[in-house]
Amino acid sequence: MFEFIRSHRRWMQLILLLLIVPSFFLVGIQGYDSFMRQEPELATVAGQPVSRAEFDQAHRNQLEQFRQRLGAQFDPAVIDTPALREGLLNQLINQRLLANVAIDNRFSVSDETLRNTIAAIPEVQDNGRFSAERYRQVLAAQGMSPTSFEAGLRRDLAVARVLEPVGQSARAPAEVVASLETALTQIRTVQLRRFAASDYRSQVSVSPADIQSWYDANKQQLQVPEQVQVQYVVLDEAAATQGVQVKDEDLAAYYEQNKNRFGQPERRRASHIMIELAPGATEEARKAARAKAEDLAKQAAADPAQFAELARKNSQDAGSAANGGDLGWLAPGMLSGPLEKAIFGQAKDQVSGVIESPSGLHIVKVTEIQPAAVKPLAEVKDQITAEVRKQIAAVRFSEMASQLNKQVYDQRDSLQPAADTVGLKLRTASGVTREGLLPADKAGPGSAADSPDAALLDNPRVRQVLFSPDVLREKQNSGVIELSPDTMLAVRVAAVEPAHVPPLDKVAESIRARLLDERSAEAAKKAGEAALSEDKANPAAAPEGFAAPVAVSRQDPKDLPRPVLDAVMRLSAGTLPAYTGVQSGADYTLVRLEKVEAGKVDPADKERLAQQLSGAWGQAENEAMIRMLREEYKVQVLPAAAEVIRGDQPAAG
23 MFEFIRSHRR WMQLILLLLI VPSFFLVGIQ GYDSFMRQEP ELATVAGQPV SRAEFDQAHR
83 NQLEQFRQRL GAQFDPAVID TPALREGLLN QLINQRLLAN VAIDNRFSVS DETLRNTIAA
143 IPEVQDNGRF SAERYRQVLA AQGMSPTSFE AGLRRDLAVA RVLEPVGQSA RAPAEVVASL
203 ETALTQIRTV QLRRFAASDY RSQVSVSPAD IQSWYDANKQ QLQVPEQVQV QYVVLDEAAA
263 TQGVQVKDED LAAYYEQNKN RFGQPERRRA SHIMIELAPG ATEEARKAAR AKAEDLAKQA
323 AADPAQFAEL ARKNSQDAGS AANGGDLGWL APGMLSGPLE KAIFGQAKDQ VSGVIESPSG
383 LHIVKVTEIQ PAAVKPLAEV KDQITAEVRK QIAAVRFSEM ASQLNKQVYD QRDSLQPAAD
443 TVGLKLRTAS GVTREGLLPA DKAGPGSAAD SPDAALLDNP RVRQVLFSPD VLREKQNSGV
503 IELSPDTMLA VRVAAVEPAH VPPLDKVAES IRARLLDERS AEAAKKAGEA ALSEDKANPA
563 AAPEGFAAPV AVSRQDPKDL PRPVLDAVMR LSAGTLPAYT GVQSGADYTL VRLEKVEAGK
623 VDPADKERLA QQLSGAWGQA ENEAMIRMLR EEYKVQVLPA AAEVIRGDQP AAG
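Position 531 of the sequence shown, counted from 1, bears residue number 553 in this note's numbering, the numbering being contiguous throughout.
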């Protein structure tokens, strides 16, 4: 939370984050009276405990944020790792530490700073200005009062000042910036020679004894995890729409009720002559502008055919004057007030009197009128059919969902009755594990990975239900799992296949292919290293087998694989040409470095690099400051912390 601010804009981003997405870190410094409760202590800061209850609350808030962000893809087993829990604990400790430093050093924030900070938050502004009403509404939506929010914000701004001077004053040394700038922009001209593993595949062989030996030594790698064969039914929009018939009389009725949606309102094309009139104009200026407008209105009314010419010569609207005042086609609602009323209230070729608007004085002429029109039913029939089918399907979906919810519990040992009652197809798939879907070659017939429903079956919530005790061991129907508002399913485990190592005959071909790949890669490497030795022994000789020279840099790698680019940039340029070799995947690549040149640096890019490095430098200094303060305030991480990092549940008591 405290990657501190180097500009006013970043301050605003921080405050916005605090307001709109209340941080779970705040739990660590709220309610100091709770610190004295007798609860398991995970750490102490200057003798003050960080309790298990504080951590658990922050942990729940953190997981809820992930759940809201990831939706159906939220999987606690993937997200809630020991590393994440350890990071959260350290953040709580650091929050407490910085709060203590702020208190001890009497860091404070003035009322004016607090007001200015709140007023600058975009979400509480109306047309760019602070709105007290918006402020109360936003806080109410977050379940907060102005008093509690302002107290928390004042505290957080004060705490931020502990590290703010460190981060703001950080500057990367010029030597470091220059060195990295050179590394990023330096251009190296190289030739490459590739020894492809595929070219050596025919030169290597794998015997049955080789396969048996590899199998015996690597059985653990071959183990197939516990998997289930699953029966399931899916209720979605397609299922709810299946068989829905829409009658012609229903289409006609829907069309009549919604005619305004299938037509185009009346449109008018108009031209105008505008005389500017500033809102704060003097009375004298207003009279002069109106006199000029009225004179033009008389001329236009006397000879409407000359309206465009009058507009070209006299209109002060820069956007339309050159086009004879043409405003283009206008529909109701595009303009407002007297101007729209005049355009849609007068006849074609009629010239209006003087009309005043906020932008000035106008004389208007309607040049074309396109009457309102409604598309015939035949033209919109397909659209209406789809809409009506969707409405019917929505009703059916709700009814089918209610039936499915009931039926999966009426007969817990089979999904077939539920499928028959609701009108869904009972489907079967194999190869679903706790961690995901097995590849088809390991799952066997009916692989879930090859199923059109693979994404549904691989959903973390579905896998979690499949491996719950009632569903996995008792073979009972699950409840209805709602993955989205229009997709739900129920599952049942039909069979369980324990974790096992496949017999040799089932994996012999995959082992053979693997060994051929490894030996081909080794043969390519051996040939490449032999060629490298020859090139190094006689560097002045004309290169053989190399591709045309190419100039590369870290900013422009020319599609070089990362290992090859790294080898190119690391190669010493003391004596040229220079040679090296590198393994890239299964292939081996020889590199011949011919020339090294300094790259051109755009001043703006140089400044951005310096800013980025200074930001990283400041972060490093912040972390160093935290470590120093931890020592000064005698931070201790207690043995109980290991339990929460592992994810152990607290003992009942």
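No residue lacks a Cβ here, since even glycine has one placed at the ideal position from N, Cα and C.
Inside the segment 96-162, DSSP marks whole alpha helix (DSSP H) runs of 4 or more residues at positions 98-101, 104-126 and 133-141, from first to last along the chain. Assigned with DSSP and collapsed to three states, R630 falls in helix. Bridge pairing for K269: absent [DSSP]. With 16 or more other Cβ atoms inside 10 Å of its own Cβ, I667 counts as buried. Annotation: A562 to I209 spans about 22 Å, alpha carbon to alpha carbon. Scanning its chain for C-beta atoms nearer than 6 Å, with the 5 sequence neighbours on each side dropped, one finds around A194 the residues L635, S636 and W639, in chain order. For Y254, the beta-bridge partners assigned by DSSP are R449 and V513.
In this chain, the beta strand (DSSP E) harbouring T211 covers I209 to F217.
Here the alpha carbons of E556 and D588 stand approximately 23 Å from one another. The segment 109-118 makes contact with the segment 69-76: 3 or more CB pairs, one atom from each, lie closer than 8 Å. Beta-carbon to beta-carbon, L478 and L505 are separated by about 7 Å, close enough to satisfy the 8 Å threshold. Two segments are said to touch when three or more pairs of C-beta atoms, one from each, lie closer than 8 Å; by this definition the segment 455-472 does not touch the segment 402-418. When secondary structure is reduced to three states using DSSP, Q438 falls in the helix class.
Check the Cα spacing between G453 and each of A663, P247 and L631: the tightest is with P247. Going by C-alpha positions, P287 is about 55 Å away from D432. Rounded to the nearest angstrom, the gap between the Cα atoms of Q486 and R536 is 33 Å. It is roughly 21 Å from the alpha-carbon of A394 to the alpha-carbon of V386. Secondary structure of P354 (DSSP, three-state): coil.
Every beta strand (DSSP E) stretch that sits fully inside the segment 539-589 and reaches 3 residues is listed by chain position as 572-574. Ranked by Cα distance from P491, the options D508, R514 and D480 are led by R514. In the three-state reduction of the DSSP assignment, D371 falls in the coil class, being assigned neither a helical nor a strand state. Between A343 and A330, the beta carbon gap of about 10 Å keeps them out of contact (Cβ cut-off 8 Å). Excluding sequence positions up to five before and after A300, its CB lies within less than 8 Å of the CB of A307, all in the same chain and listed in chain order. D539 and I233 have their C-alpha atoms spaced approximately 13 Å apart. In this structure, E643 places its C-beta atom within 7 Å of the C-beta atom of A192. Here G375 is exposed, its C-beta having fewer than 16 other C-beta atoms within 10 Å. Contact check between the segment 360-375 and the segment 334-341: fewer than three CB pairs, one atom from each, fall below 8 Å, which does not count as touching. Excluding five sequence positions before and after S167, the CB atoms of its chain that fall closer than 7 Å to its own CB belong to L161, given in chain order.
Cβ contact annotation for V252 (same chain, cutoff 8 Å, sequence separation greater than five): T450, A451, S452, V454, A470, L479, L488, V513, R514, V515 and A516, in chain order. Counting only runs of 4+ residues, the alpha helix (DSSP H) found wholly inside the segment 480-533 occupies 482-488 and 491-494, in chain order. For S473, there is no enclosing beta strand (DSSP E), as DSSP marks it with neither H nor E.
Taking C-beta atoms under 8 Å as the contact rule, A262 and R418 qualify, at a distance of about 5 Å.
Looking only at P474, A218, D317 and E86, the smallest Cα-Cα distance to K548 is reached by A218. Shown here for N149: not one same chain residue has a beta carbon closer than 6 Å to its own, the five before and five after excluded. In the three-state scheme derived from DSSP, where H, G and I count as helix and E and B as strand, V181 is classed as helix. Under DSSP, the beta-bridge partners assigned to P71 are T66.
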